[in-house]
Each structure stands twice: as C-alpha cells, then as structure tokens.
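Every position in the sequence shown, counted from 1, becomes a number in this note's numbering once 3 is added. Where a beta carbon is used, it is the ideal one built from N, C-alpha and C, also for glycine.
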Amino acid sequence: MARLVRIEVLVLLGVAALFVLLILGSYRRQSSRNAVRVSIWVAYAASIPMVSYTLGLMQSSPYKNSLFSVWAVILFIFLGSADSLSAYRLQDNDNWKRFYFEQLIHSFWVGWLMVSSGAGSDFRYVLWPIYVIVVLKSGTRILSFKLASRRSMLSESTKWVADYMTYERELSTAGEWDPVTMRGYRYVVAGEEKQRRKVEAPEYVSKLDGDDRAKAKLVTVEQIWRCSGSLLCGDGDRAGQLKDVCLSMALSKMLNRRFAGFHKLVESELDKTHDFLFRGLLHGQKYVERAFRVIEVELAFVLHKRVHVPNDELKLIDDHNNNFDALITAVLIIGVALVEGLQVYIYLASAWCKVALISKYVARESWSSRQWVANLIGCITSFKSFRSWEDKLGQYTLLKNVDYIPINFMYYATMFLVDRTKKGRKEDKRVRLSMVVKEAVIDTLRSSNGQLTNGVKSLKANGIEVFRKHSWSCTTVRTTTHTIVAWHIATTLCEVEDEEQHRMDSTTTNYKDVACSLSRYCAYLVAFAPELLPDHSFVSQTIFDALVDEATQELLNLKTLEQRCEKLKEIGKVSDMEQNGGDNRLIVLGARLGCQLLEIENPSRRWKVLSDFWAEMVLYLAPSDDARERLETLTRGGEFITHLWALLTHGGILERSTTGAGQCQNV
Numbered sequence: 004m005a006r007l008v009r010i011e012v013l014v015l016l017g018v019a020a021l022f023v024l025l026i027l028g029s030y031r032r033q034s035s036r037n038a039v040r041v042s043i044w045v046a047y048a049a050s051i052p053m054v055s056y057t058l059g060l061m062q063s064s065p066y067k068n069s070l071f072s073v074w075a076v077i078l079f080i081f082l083g084s085a086d087s088l089s090a091y092r093l094q095d096n097d098n099w100k101r102f103y104f105e106q107l108i109h110s111f112w113v114g115w116l117m118v119s120s121g122a123g124s125d126f127r128y129v130l131w132p133i134y135v136i137v138v139l140k141s142g143t144r145i146l147s148f149k150l151a152s153r154r155s156m157l158s159e160s161t162k163w164v165a166d167y168m169t170y171e172r173e174l175s176t177a178g179e180w181d182p183v184t185m186r187g188y189r190y191v192v193a194g195e196e197k198q199r200r201k202v203e204a205p206e207y208v209s210k211l212d213g214d215d216r217a218k219a220k221l222v223t224v225e226q227i228w229r230c231s232g233s234l235l236c237g238d239g240d241r242a243g244q245l246k247d248v249c250l251s252m253a254l255s256k257m258l259n260r261r262f263a264g265f266h267k268l269v270e271s272e273l274d275k276t277h278d279f280l281f282r283g284l285l286h287g288q289k290y291v292e293r294a295f296r297v298i299e300v301e302l303a304f305v306l307h308k309r310v311h312v313p314n315d316e317l318k319l320i321d322d323h324n325n326n327f328d329a330l331i332t333a334v335l336i337i338g339v340a341l342v343e344g345l346q347v348y349i350y351l352a353s354a355w356c357k358v359a360l361i362s363k364y365v366a367r368e369s370w371s372s373r374q375w376v377a378n379l380i381g382c383i384t385s386f387k388s389f390r391s392w393e394d395k396l397g398q399y400t401l402l403k404n405v406d407y408i409p410i411n412f413m414y415y416a417t418m419f420l421v422d423r424t425k426k427g428r429k430e431d432k433r434v435r436l437s438m439v440v441k442e443a444v445i446d447t448l449r450s451s452n453g454q455l456t457n458g459v460k461s462l463k464a465n466g467i468e469v470f471r472k473h474s475w476s477c478t479t480v481r482t483t484t485h486t487i488v489a490w491h492i493a494t495t496l497c498e499v500e501d502e503e504q505h506r507m508d509s510t511t512t513n514y515k516d517v518a519c520s521l522s523r524y525c526a527y528l529v530a531f532a533p534e535l536l537p538d539h540s541f542v543s544q545t546i547f548d549a550l551v552d553e554a555t556q557e558l559l560n561l562k563t564l565e566q567r568c569e570k571l572k573e574i575g576k577v578s579d580m581e582q583n584g585g586d587n588r589l590i591v592l593g594a595r596l597g598c599q600l601l602e603i604e605n606p607s608r609r610w611k612v613l614s615d616f617w618a619e620m621v622l623y624l625a626p627s628d629d630a631r632e633r634l635e636t637l638t639r640g641g642e643f644i645t646h647l648w649a650l651l652t653h654g655g656i657l658e659r660s661t662t663g664a665g666q667c668q669n670v
C-alpha cells in the first residue's frame with residue numbers, strides 16, 4: 004500500500020511540475036525573480052530522476068495495477084512535453100545525446116508497462132495512440148535540443164538566410180529602396196525551408212531557386228507591406244502591428260546569424276541598412292514605442308523555437324470505478340488535458356502563429372481576396388499572450404549598499420549550489436523602464452547617426468566648457484568600468500545634493516529621472532552582470548571589488564547616504580585641487596567628478612549633461628560579439644542592453660572601435 008501511495012504522489016508531482024514548466028517556462032521571460040528561476044530549475048532538474056524512480060517502482064511492484072499504464076503515459080507526457088521548456092540554459096542543449104538516450108530507455112519501459120500492466124485494461128485502445136503522439140513530441144524536443152546546440156547552431160535555414168543576404172540587395176534596382184514603405188527590403192519572413200539547398204560555384208552559396216513555384220513560397224517583408232488584402236492594407240494601428248510582427252520574424256532570422264557565429268554581416272556596410280534603422284524604424288509617429296515593440300518580439304522569436312501542435316484530438320473514455328485509484332487517474336487526466344489545452348492556446352496566441360497565418364495570407368491570393376479569411380485571422384491574432392520581457396531596469400547604488408554584508412544562507416544550505424553573494428552587492432528594487440528613458444536613448448541614437456562614443460560626444464554637445472572640464476573621466480581612465488563607476492558616484496552626489504530642491508520643472512525632472520535610472524542600471528551591470536560590459540568580466544569584477552574596499556575604508560562608521568556623500572564631497576574638493584599628482588583611487592576620481600559637476604549652478608543644465616552622458620553610455624555598451632551571453636539574459640527577464648544590441652545590429656553597428664574614445668563604427 005505504501006508503494007502505491009508513493010507512486011500516486013510522484014505522478015501527481017509530475018503533473019504539477021508540468022504545469023510549472025508550462026506556465027513559468029513562458030513567464031520567466033518577464034520576471035527576474037529568483038523564486039521563479041528556482042521553481043523552474045527544480046521542476047526541470049527533477050523531471051528525469053522523478054520519472055525514472057517512479058517507473059522503477061511500478062515495474063518492481065509485487066502486484067500489477069491496470070492503471071499503472073495510464074500513469075506511466077502521463078509521466079511520459081510530462082517528460083516529453085516539447086511545448087513546456089526544452090532547456091533551462093543554453094549549455095543544456097549541448098547534452099542532447101544524453102537526453103536522447105534517456106528518452107529511448109523511458110520509451111521502452113513505458114511501453115513495457117503498458118504491455119504488462121494494461122493488457123486487459125479498458126484504457127489500452129486510447130493509450131497506444133497517446134503513447135505514439137508523446138514519442139513524436141519527445142522527438143521534437145530532442146530535435147530542438149540538437150538544433151540549439153553549439154555544433155548545430157549553423158542550421159540549414161540559418162545558412163540559407165546568410166547566403167541569401169549576400170545577394171539580397173541585387174534582387175532590387177540599385178539605389179531604389181524606401182524604409183518607410185519597405186520597397187527594396189526583401190528580408191525573408193517565411194518559406195526559406197522550402198527553397199533548394201544546392202550550392203553553386205564559385206561562391207558555393209545557396210541561390211534563390213529559379214522555379215517560380217518555389218519563389219512563390221518565399222514571403223518577404225516587401226511583400227507583406229505591398230499586400231492589398233483587407234487584413235494588412237489599412238493604415239490603422241492593428242494592421243501596422245501585424246506587419247511589424249512579420250518584420251520581427253525577418254529580423255530574428257537575420258539576427259540568428261550572430262548566434263551561429265557570423266560576426267560580419269554583409270549588409271551592415273550598406274546605406275540601405277543604415278536607412279532601415281534611422282529613416283525607417285526610427286521614423287514616423289510613436290517611433291520609440293514601435294522600435295522597442297519590434298525588437299521585443301524579434302528577441303522572443305530568437306529565444307523560442309517553433310512550436311508544433313498536433314491536430315489530433317485525444318479522446319478519453321469514461322471510467323465509472325469509484326475507488327481512489329480511479330479518482331487519482333481522473334484528476335491526472337484532467338490535469339494533462341488542461342496542460343495540452345493551455346499549450347494550444349499559448350501557440351495560437353504566440354507571434355509564431357501570427358506570422359504563419361499572415362505569411363499564408365500574403366502568399367495565397369485565394370486567402371487575401373476573401374474577407375471572411377481576413378476576419379478569421381484577425382480574430383485568432385487578437386489572442387493575448389505573455390509579454391516577451393520584464394520591461395524593467397536593474398538598479399544598484401554603490402554609496403547606499405557599500406556596507407552590505409551578505410549572510411549567504413542559501414549558499415551554505417544548498418551546499419554551494421546557489422552562487423555566493425559578495426560584500427557590497429545588494430540590488431535595489433527594479434524600476435519600470437519608462438517611456439522617458441526610452442525616448443532619451445533613442446533620440447541620442449538618432450542624433451548620433453550611429454557614431455557613438457563613451458560619452459565624449461555628449462559632453463561636446465553641451466558646450467566646450469563642459470567638455471574641457473569633464474572629458475578627462477572618459478579619455479584618461481583605463482577601462483569603461485572606470486568611467487561607469489566614476490560617473491555613477493558623481494551622479495549619486497548630484498542626486499543627494501538636489502534632494503532638498505523640492506520644486507523642479509518637468510523638463511529638469513525628466514533629465515534627472517533618465518540620469519539616475521541609467522546610472523544605477525549601468526552600476527547594476529558592473530556589480531551583477533559584468534559579462535555584458537565591453538571589459539573582460541574578470542577585469543570589471545576585480546575593479547569593483549577593489550572599489551568596494553576603498554569605499555568601505557573611506558566611509559567607515561558613516562551610516563546614512565547623506566553623510567557618505569558629504570564625506571566624498573570633502574574628498575573631491577581636495578582631490579580637485581591636486582588632480583595632476585594626487586590620489587587616483589576610483590572612489591576619489593568619482594568624488595572629484597561629482598564636485599566638478601556640482602559647480603554647474605543651473606540644476607537643469609547639470610541634469611541635462613548627466614542625462615545626455617548616460618543615454619550615450621548605455622548605447623556605447625550595447626554592441627558585442629558575444630551573442631550567447633545576450634541570449635542568456637532573455638531567460639531571466641531580459642536586459643535593456645540586449646534590446647539595444649539587437650536594435651544597433653539592424654543599423655549595421657556591430658562593434659566598437661578600440662581607438663580614441665571608444666567610438667562605435669559600422670563594419
């Protein structure tokens with residue numbers, strides 16, 4: 004009896020874990036909470052051991068229960084559900100062969116249990132079709148592991164898109180493109196998997212198939228914008244948003260090349276690519292909102308594989324037994340049915356489904372000419388799904404948290420499974436990424452025309468005196484981490500100084516909000532995500548650890564933020580007088596810069612200098628060749644810097660220069 008109870012409890016836990024993977028597996032994109040990540044990790048890590056142990060209990064049981072076959076299939080559904088969560092981290096995809104072997108073993112044991120325990124069961128007629136479907140779904144999950152592994156990242160479709168982009172500009176008349184109407188932008192939305200894969204000498208790249216039928220199956224951005232069907236031809240927000248979903252898909256296919264190892268994108272050198280960003284995506288009404296919406300959906304496409312939902316309906320027969328085992332079975336079947344129903348809804352509400360329907364609508368004239376088809380697609384595409392990311396900024400204030408001593412209880416309680424927190428690293432509450440911040444960053448990008456520096460350009464734009472007085476903090480320090488931390492300390496000093504001024508006009512308040520939120524965000528990157536910065540992560544960590552020690556030494560016994568800022572202002576004034584040969588510790592450099600900024604008497608002008616600097620700095624940090632690190636951030640709520648990285652990529656801004664003031668350039 005005890006063995007039977009254990010089996011029932013484990014099967015119930017399996018279905019509960021499936022719910023966790025299904026709901027939180029999608030929700031984790033918009034949450035950075037540790038509780039969400041831990042819950043997903045436990046459900047994900049426990050799946051194979053739980054199934055193996057439970058199947059072993061069933062197989063070794065001295066008595067045979069006809070419901071064991073039902074429970075075994077339910078566990079198999081839990082283990083092989085392709086629509087919940089394929090991998091917890093990108094590194095897990097590299098172990099796809101191990102998972103494949105484990106799935107083969109479990110498939111055998113579940114089949115054996117169905118034969119040995121369910122031979123006379125009334126469920127056998129429905130269990131075998133379900134078993135076959137689950138085996139197919141397990142194969143889909145294994146395939147998703149393989150395609151996302153390091154060795155297979157260069158899939159056939161990605162290689163075809165990479166080859167296609169080498170001659171995409173030749174498909175249109177030279178010099179004729181319009182980033183507003185998308186004329187001349189034949190970026191691939193769908194149909195590349197149906198094209199011929201044969202390569203031709205001397206380039207040995209895949210060429211667009213000359214067969215008219217194959218060409219007709221290729222859907223491009225230009226075709227989406229030229230479609231005359233009622234679903235897409237309107238000028239309303241709805242039609243524009245559906246077009247933008249398809250644009251996001253096309254951009255995601257192009258961005259996938261960076262994850263596959265294509266560091267040099269051929270179109271990045273073209274004026275057409277520059278115009279797409281600066282005259283197209285960043286043009287028109289609500290361009291800020293639109294730009295981030297397109298990038299947000301694009302990154303969701305990059306993160307998630309296509310979901311396959313079988314068309315078969317799984318019909319379950321009734322069982323009128325009144326024993327407890329039958330009750331447990333009924334609960335499990337209802338739970339699995341709810342999971343499958345949720346998976347179908349998640350697919351229908353996904354951007355994948357929208358693109359699939361719109362692509363067919365554009366490619367088939369019989370669809371675009373019928374109003375009822377447009378109405379049906381419009382109804383399906385109105386389904387709501389989870390947001391693609393958290394839409395918040397991580398925050399950290401050095402001077403407030405410098406004396407933080409972590410207990411690290413979970414580090415020791417989990418036997419070092421949870422990462423250890425270092426001293427001084429206590430994250431502030433995350434703040435919503437406001438439209439004011441987005442507008443400041445995008446306006447800085449537009450005014451720069453893609454020529455970004457580590458803050459020097461913004462200082463020049465605010466006057467020669469500002470540049471002469473403060474440019475040393477960008478040009479004479481050794482690393483980008485030095486510049487970030489010095490300006491973060493200076494911004495905190497200005498923030499505390501101006502707290503007594505309760506009345507500020509709306510413009511000054513906006514400048515202050517932008518400067519403070521981006522300052523704390525960049526400090527957060529230094530403290531908690533140094534792998535996303537231009538400097539090597541070990542370099543940034545070493546600098547920050549030393550800074551915490553310096554700050555602790557200088558601010559000893561000072562408990563309030565105001566007291567610490569007053570102390571640093573005293574240090575900064577002394578340092579400013581002897582800056583040519585004085586103390587060059589980073590805490591002192593930040594104090595000196597803060598005192599110099601406080602000499603700007605007009606608060607509005609001072610906060611404009613700070614706002615412009617941080618808007619340019621966060622753009623300067625965005626370019627990177629480490630695409631996998633950028634992708635990893637999407638699974639834990641996303642990072643603002645990752646969205647900027649994708650945005651800059653589509654404007655041809657792929658890397659920063661190593662000369663001068665760290666200027667970014669097209670390559």
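Candidates the options: closest to residue i by CA position
i	options	result
G1	G194, R293, L258, R260	Residue 1 lies beyond the stretch modelled for the chain, which goes from 4 to 670, so this question has no answer here.
A443	S371, W617, F279	W617
R282	P182, A366, R471	P182
I1	R423, G641, R6	The structure shown does not extend to residue 1, since the chain is modelled only from 4 to 670, so the question has no answer here.
L15	C519, S50, V222	S50
L401	S353, E553, F389, V291	E553
F79	R40, S63, V41, L139	L139
S55	H485, L107, E658, V347	L107
T484	V248, L535, V469, K403	L535
R428	Q398, I136, T456	Q398
L558	L571, A549, D548	L571
L613	T638, T512, R189, Y527	T512
F111	K100, A493, A75	A75
Y207	T176, K395, Y167, S578	Y167
E225	L258, N259, V192, Y188	Y188
Cβ neighbour criterion (16 or more within 10 Å) applied to residue i
i	result
S231	exposed
I467	exposed
A340	exposed
W375	exposed
H653	buried
D278	buried
L387	According to the sequence displayed, residue 387 carries Lys and not Leu. Answer is exposed; the Cβ neighbour count stays below 16.
H539	exposed
E573	exposed
V8	exposed
E602	exposed
M61	buried
D274	exposed
R609	buried
N-terminal and C-terminal residue of the beta strand (DSSP E) that residue i is part of
i	result
Q398	395–398
Simplified DSSP state of residue i, which is helix, strand or coil
i	result
V405	coil
L268	coil
E500	helix
E430	coil
R659	strand
R423	coil
H653	coil
R390	coil
R435	strand
M507	coil
R471	helix
H286	coil
T479	coil
Closer than 9 Å to chain C by CB, residue i
i	result
F104	The chain inventory of the structure shown lacks chain C, comprising one protein chain alone.
Start-to-end residues for the alpha helix (DSSP H) that takes in residue i
i	result
P606	606–624
E299	290–306
L462	459–464
I380	374–383
A630	630–636
A263	Careful: A263 lies outside any alpha helix (DSSP H) and carries neither H nor E.
Any non-hydrogen atom of the ligand FAD closer than 8 Å to residue i Cβ
i	result
V459	The model on display carries no ligand, and the ligand FAD is accordingly not part of it.
Inset, instruction - Give, in chain order, every unbroken run of the alpha helix (DSSP H) that is at least 4 residues long and sits entirely within the stretch 510–557. - result: 540–557
Inset, instruction - Only counting runs of 3 or more residues, tell me where the beta strand (DSSP E) segments fall wholly within the stretch 172–254, in order along the chain. - result: 191–193
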